[in-house]
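Participant: As numbered in my numbering, residues 3 to 252 make up the sequence shown, in order.
Glycine is no exception: its CB is placed at the ideal position from the N, C-alpha and C atoms.
Model, not experiment: these values are computed from the prediction.
Let me give you the structure first, and then I'll get to my questions.
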Amino acid sequence: MKLQHNLAGLENLGKIDFQKRVFVVPWEERIFGIHVAMMALSNHLETDSLPNYSLSTVPTSFNSFWSWGHLRQGAEAMNPFDYFKFRYYEKWLGGISGFFIDEGYITEEELNTKTALYLKDGNLDNAPLPNKPEPAIDEQIIKYLREGDSPQRDVAVTPKFAVGDTIRVKDLPPGEHTRLPGNLRGKIGTIDVVYDAPYTYFFPTTDGLGKPMPVYNVKFAASELWGEMAEANNFYYNDLFETYLEKYEE
Numbered sequence: 003m004k005l006q007h008n009l010a011g012l013e014n015l016g017k018i019d020f021q022k023r024v025f026v027v028p029w030e031e032r033i034f035g036i037h038v039a040m041m042a043l044s045n046h047l048e049t050d051s052l053p054n055y056s057l058s059t060v061p062t063s064f065n066s067f068w069s070w071g072h073l074r075q076g077a078e079a080m081n082p083f084d085y086f087k088f089r090y091y092e093k094w095l096g097g098i099s100g101f102f103i104d105e106g107y108i109t110e111e112e113l114n115t116k117t118a119l120y121l122k123d124g125n126l127d128n129a130p131l132p133n134k135p136e137p138a139i140d141e142q143i144i145k146y147l148r149e150g151d152s153p154q155r156d157v158a159v160t161p162k163f164a165v166g167d168t169i170r171v172k173d174l175p176p177g178e179h180t181r182l183p184g185n186l187r188g189k190i191g192t193i194d195v196v197y198d199a200p201y202t203y204f205f206p207t208t209d210g211l212g213k214p215m216p217v218y219n220v221k222f223a224a225s226e227l228w229g230e231m232a233e234a235n236n237f238y239y240n241d242l243f244e245t246y247l248e249k250y251e252e
């Protein structure tokens with residue numbers, strides 16, 4: 003992955019702030035809720051999800067494809083200096099705001115005007131949020147939270163690897179978005195689990211994701227990843243799509 007997603011084993015990064023609260027300020031809860039609502043109203047749910055959903059009776063003007071993958075893609079596209087500067091949910095806010103501008107739901111000028119309104123005098127009470135209850139939207143979001151959108155697919159795909167096989171992780175460029183941790187590229191591991199069903203991904207990526215494929219739990223010796231820094235007899239496990247793996251031959 004890009005620099006900000008490839009920190010494993012790097013030294014001298016400075017003091018780490020172990021934040022124990024999920025939401026530090028109230029607006030973070032709201033941006034989390036917006037993200038969940040966008041996933042629950044994503045237009046792919048009627049045609050390419052398990053289970054399928056019927057959105058035709060849901061009175062929403064949101065007609066876009068949105069998933070965890072899109073959220074992560076937005077974070078990966080950030081300038082590394084900006085990525086380290088902003089808090090976790092600030093990254094979410096930037097990615098979601100940019101998505102709404104790119105999709106044409108709001109212009110940058112309109113967003114700036116609304117932002118100035120809500121920040122006026124530093125008191126949100128001066129600009130209360132609109133209250134427009136839509137029971138059908140609430141029901142759809144609750145249904146989505148309960149039933150989800152499974153990435154498993156019931157298709158016949160034969161795994162290339164078996165438990166105990168030694169593999170090497172491909173050294174692939176990350177492109178716009180990847181699910182391959184950067185510190186695993188080129189590393190040697192052992193197949194520990196072959197999951198029963200193939201998994202798809204939200205959308206195709208330049209490094210091979212998209213179509214349903216086997217997923218493996220791969221076991222790495224800690225010394226393979228961190229060298230002399232690693233403690234003896236320790237191991238690291240990671241779930242990886244098949245497209246990221248190749249057979250290792252000495």
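Could you pull the start and end residues of the beta strand (DSSP E) that E238 belongs to?
Facilitator: The residue you call residue 238 lines up with position 236 of the sequence shown. According to the sequence shown, residue 238 is Tyr rather than Glu. Per DSSP, Y238 belongs to the beta strand (DSSP E) from 237 to 243.
Participant: Please list, in chain order, all residues of the same chain as L211 whose beta carbon is under 7 Å from its beta carbon, the five residues on each side excluded.
Facilitator: Sequence index remark: in the sequence shown, residue 211 carries index 209 (1-based). Cβ within range, chain order: R181, Y203, F243, T245.
Participant: Rounded to whole angstroms, what is the Cα-Cα separation between K197 and L119?
Facilitator: Here residue 197 corresponds to residue number 195 of the sequence shown, with the count starting at 1. Here residue 119 corresponds to residue number 117 of the sequence shown, with the count starting at 1. The question names Lys, but residue 197 in the sequence shown is Tyr. Each residue's alpha carbon lies about 51 Å from the other.
Participant: List the residues that DSSP assigns as beta-bridge partners of I193.
Facilitator: Looking up residue 193 in the sequence shown gives position 191. Bridge partners of I193: V220.
Participant: Cα separation between M3 and P183?
Facilitator: The residue you call residue 3 lines up with position 1 of the sequence shown. The residue you call residue 183 lines up with position 181 of the sequence shown. Bear in mind that a pLDDT of 45 at M3, under 50, signals an unreliable position, so the model cannot answer this.
Participant: If the criterion is Cβ atoms closer than 8 Å, does the pair R170 and Y250 meet it?
Facilitator: Taking the sequence shown and counting its residues from 1, the one referred to as residue 170 is at position 168. Taking the sequence shown and counting its residues from 1, the one referred to as residue 250 is at position 248. Result yes, Cβ atoms of R170 and Y250 sit closer than 8 Å.
Participant: Which of helix, strand or coil does DSSP assign to V38?
Facilitator: Within the sequence shown, numbered from 1, the residue matching residue 38 stands at position 36. The answer is helix: DSSP assigns V38 an H, G or I state.
Participant: Let me know if G35 comes out buried or exposed under the rule of 16 or more other beta-carbons within 10 Å of its beta-carbon.
Facilitator: Sequence index remark: in the sequence shown, residue 35 carries index 33 (1-based). Classification for G35: exposed.
Participant: Could you name the residues of the same chain whose beta carbon sits closer than 7 Å to that of S99, not counting the 5 residues immediately before and after it, in chain order?
Facilitator: As a working note, residue 99 is residue 97 in the sequence shown. Contacts found: L113.
Participant: Any idea if P137 is buried or exposed, counting beta-carbon neighbours within 10 angstroms, 16 or more meaning buried?
Facilitator: The residue given as residue 137 occupies position 135 in the sequence shown. With fewer than 16 Cβ atoms within 10 Å of its Cβ, P137 is classed as exposed.
Participant: For my contact list, G191 and K221 are in at a C-beta cut-off of 8 Å; report their separation, rounded to the angstrom.
Facilitator: Residue numbering aside, residue 191 sits at position 189 when the sequence shown is read from its first letter. Residue numbering aside, residue 221 sits at position 219 when the sequence shown is read from its first letter. Going by Cβ atoms, the distance from G191 to K221 rounds to 6 Å, so yes, they are a contact pair.
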